[in-house]
Amino acid sequence: MPLTKTSAQMVADARARIEEIETADLIAMVNDPSVQIVDLRDPRERERTGFIPGSFHCPRGMLEFWVDPDSPYFKDIFAEDRKFVFHCASGWRSAISVDTLNDMGFKAAHLKDGFSDWVKQGGPVETKS
Numbered sequence: 001m002p003l004t005k006t007s008a009q010m011v012a013d014a015r016a017r018i019e020e021i022e023t024a025d026l027i028a029m030v031n032d033p034s035v036q037i038v039d040l041r042d043p044r045e046r047e048r049t050g051f052i053p054g055s056f057h058c059p060r061g062m063l064e065f066w067v068d069p070d071s072p073y074f075k076d077i078f079a080e081d082r083k084f085v086f087h088c089a090s091g092w093r094s095a096i097s098v099d100t101l102n103d104m105g106f107k108a109a110h111l112k113d114g115f116s117d118w119v120k121q122g123g124p125v126e127t128k129s
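Mapping to UniProt numbering: the sequence shown position 104 is 104, numbers consecutive.
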């Protein structure tokens, strides 16, 4: 049975509704205390390729629960008065995620081209020692 909507269409639809931040712009904001970068990638991705300094790790599968103050899994960081910018490797997961958060009433943006472009453009990267 064919799908009624592809994942690529879901990403395109989400991107039409959300705020997308260019890589160079987020690199310029990396030390801004009013901005919180949130990494949605799998822990193995972070271990393998590193992560943006100061980013908060929120596995994609827990996002809606960690953001919801009525959830038993709520994380206090999401109650802070900051601009939240989510990212994944290429911008697909984060686009769909931010669209979902906006539907929940949680305003957020995402890194348009993801962590791979962050690395390509020379953004700072930390690795665990």
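Cβ atoms here follow ideal geometry from the backbone N, Cα and C, with glycine treated the same way. Model, not experiment: these values are computed from the prediction.
Let me check understanding here. Comparing Cα to Cα, which of the options lies closest to residue i?
i, options, result
"D39", "V11, G61, S7 and G122", "G61"
"C88", "Q9, N31 and I21", "I21"
"L111", "M1, L101, T127 and W92", "W92"
"R41", "K128, M104, G105 and F86", "F86"
"D113", "S90, D103, F84 and M104", "S90"
"F84", "F74, Y73, P69 and N102", "N102"
What is the DSSP secondary structure of residue i, counted as helix, strand or coil?
i, result
"L3", "coil"
"L63", "helix"
"I77", "helix"
"L26", "helix"
"L111", "strand"
"D99", "helix"
"D42", "coil"
"Q9", "helix"
"V119", "helix"
Just checking my contact of residue i with residue j at CB under 8 Å: how many whole Å lie between their CB atoms?
i, j, result
"D117", "I18", "17 Å between Cβ atoms; not a contact."
"residue 134", "V11", "Because the chain spans 1 through 129 in this model, residue 134 falls outside it and cannot be assessed."
"R44", "H57", "Their Cβ separation, rounded to whole angstroms, is 12 Å, which puts R44 and H57 out of contact at 8 Å."
"Q66", "F78", "It should be noted that the sequence gives Trp, not Gln, for residue 66. Indeed, because the Cβ distance is near 6 Å, the residues count as touching under 8 Å."
Rounded to whole angstroms, what's the CA-CA distance from residue i to residue j? Just pull it up for me.
i, j, result
"R48", "G123", "16 Å"
"S71", "E64", "9 Å"
Any heavy atom of the ligand COA within a distance shorter than 7 Å of the CB on residue i?
i, result
"K120", "Absence of the ligand COA from the depicted structure is noted, as is the absence of any ligand whatsoever, leaving it without description."
Under 8 Å: do the segment 102-121 and the segment 22-29 share three or more Cβ pairs, one atom per stretch? Touching, per the Cβ criterion.
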